[in-house]
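Numbering (this note's numbering), first residue to last: 7 to 165. Note that beta-carbon positions come from the ideal geometry of N, C-alpha and C, so glycine has one too. Being a predicted model, the structure only gives us computed values, none of them experimental. Note sheet for the following structure.
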Amino acid sequence: MALRSELMPPKLDEKLVLKLTSLSEEIDCGERDLTEHMVLEFNQLASTSFDFLDFQGIYGGQDHDTWVRKVLYEPYIKPVPDVTTDELVEMMRRVMECDGAEHEVDFWLFMLEVNVPNERLVDLIFRPHVYFAVADFSQELSPEQAVYLALNTTAVADG
């Protein structure tokens with residue numbers, strides 16, 4: 007199913023992504039005094055207000071290109087008042103099947119989080135045994151089931 011533009015990762019200026027990726031690589035694990043001007047440049051180009059420490063350890067969690075894309079996607083992550091159940095199911099499918107690049111899948115996960123009123127959505131998707139507080143929960147949920155449960159249940163366990 008095709009998703010409308012509000013539910014798709016925005017098209018990014020690839021030259022900007024490349025520049026910001028390069029800056030973030032230099033800042034990550036760099037020395038504060040030697041990279042402070044790069045932090046300022048990054049913030050100016052990305053319209054962010056990161057501190058030197060915000061860049062430390064990016065490489066340990068994901069590649070810099072993915073991190074930059076997620077930063078640039080952030081202003082587009084917002085509730086869509088008329089989102090349909092079918093659209094939620096399609097985003098859920100893309101997340102559950104990792105259908106796309108990591109930054110795209112993350113975009114859809116974030117969109118689900120702001121459009122589905124369930125603060126434990128991530129547990130439902132990736133750790134249903136924690137969500138339902140059943141250690142041996144082994145049922146694999148379909149995207150349709152996950153959306154239905156997210157919209158209609160309250161988690162039992164405390165995260």
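Consult DSSP for residue i and reduce its assignment to one of helix, strand or coil.
i, result
"Lys17", "coil"
"Asp6", "Because the chain here runs from 7 to 165, residue 6 falls outside it and cannot be looked at."
"Ser53", "coil"
"Leu9", "coil"
"Lys25", "helix"
"Ile83", "coil"
In its own chain, which residues sit with a C-beta less than 6 angstroms from the C-beta of residue i, not counting the 5 before and 5 after it?
i, result
"Val153", "Leu94, Val95, Met98"
"Leu21", "The residue asked about is misnamed: residue 21 is Lys in this sequence, not Leu. Excluding positions up to five away in sequence, the list is empty."
Taking 7 angstroms as the limit between beta carbons, can you name the residues of its chain near residue i, skipping five residues before and five after?
i, result
"Pro16", "Tyr79, Tyr82"
"Lys25", "Leu51"
"Lys76", "His109, Asp112"
Mind checking residue i: buried by the 16 CB within 10 Å criterion, or exposed?
i, result
"His109", "buried"
"Met117", "buried"
"Asn158", "exposed"
"His43", "exposed"
"Pro134", "buried"
"Asp57", "exposed"
"Ala156", "buried"
"Val111", "buried"
"Phe48", "buried"
"Thr41", "buried"
Under 8 angstroms between C-beta atoms, does residue i make it to chain D?
i, result
"Leu157", "Protein chain content of the structure displayed is limited to a single chain, and chain D is not contained in it."
Below 7 angstroms, is the gap between the Cβ of residue i and the nearest heavy atom of the ligand HEM?
i, result
"Met102", "Although the ligand HEM was asked about, the structure shown includes no ligands whatsoever."
Beta-carbon within less than 8 angstroms of residue i's beta-carbon, same chain only, minus the 5 sequence neighbours each way: which residues are those?
i, result
"Asp142", "His135"
Inset, instruction - Could you pull out every unbroken alpha helix (DSSP H) segment of at least 4 residues lying fully inside the stretch 99-165, listed in chain order? - result: For the stretch 99-165, whole alpha helix (DSSP H) runs of length 4 or above, ordered along the chain, are 108-121, 127-132, 134-137, 149-158.
Legend entry - 4-residue-minimum alpha helix (DSSP H) runs that sit fully inside the stretch 35-80, ordered along the chain: Taken in chain order, the complete alpha helix (DSSP H) segments of 4 residues or longer contained in the stretch 35-80 are 38-52, 58-61, 64-67, 70-79.
Inset, instruction - Indicate whether the contact test is met: 3 or more Cβ pairs, each with one atom in the stretch 25-37 and one in the stretch 57-67, closer than 8 angstroms. - result: Under the three-pair Cβ rule at 8 angstroms, the stretch 25-37 counts as touching the stretch 57-67.
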